[in-house]
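A.B. asks:
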Amino acid sequence: MLLKALDLLRTLGWALVHFIYNLIDSLFDILKGLNAFDIINSVSGDNNFIT
Numbered sequence: 160m161l162l163k164a165l166d167l168l169r170t171l172g173w174a175l176v177h178f179i180y181n182l183i184d185s186l187f188d189i190l191k192g193l194n195a196f197d198i199i200n201s202v203s204g205d206n207n208f209i210t
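Written out as structure tokens, the structure reads:
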């Protein structure tokens, strides 16, 4: 019984680690996409910012 409980904790722990890793990986993919868009150069061409 104790071994089943420890196995369950191990499985849940690895599932949590896997979830956090996938979350960080997807955040890096989003940042990579935003960096490819090049926000600063797209905004700098706007006439509202020219004085």
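In the working numbering, the protein residues as written are 160 to 210.
Quick reminder that beta carbons are idealized off the backbone N, C-alpha and C, glycines included.
Bear in mind that the values here come from a model prediction, so they are computed numbers and not experimental data.
1) Can you grab the Cα-Cα spacing for the pair Ala174 / Asp188, in whole Å?
2) What's the C-alpha gap between Ile183 and Asp166?
3) Out of curiosity, what's the CA-to-CA distance linking Leu168 and Leu162?
C.D. replies: Taking the definition as stated:
1) 21 Å
2) 26 Å
3) 10 Å
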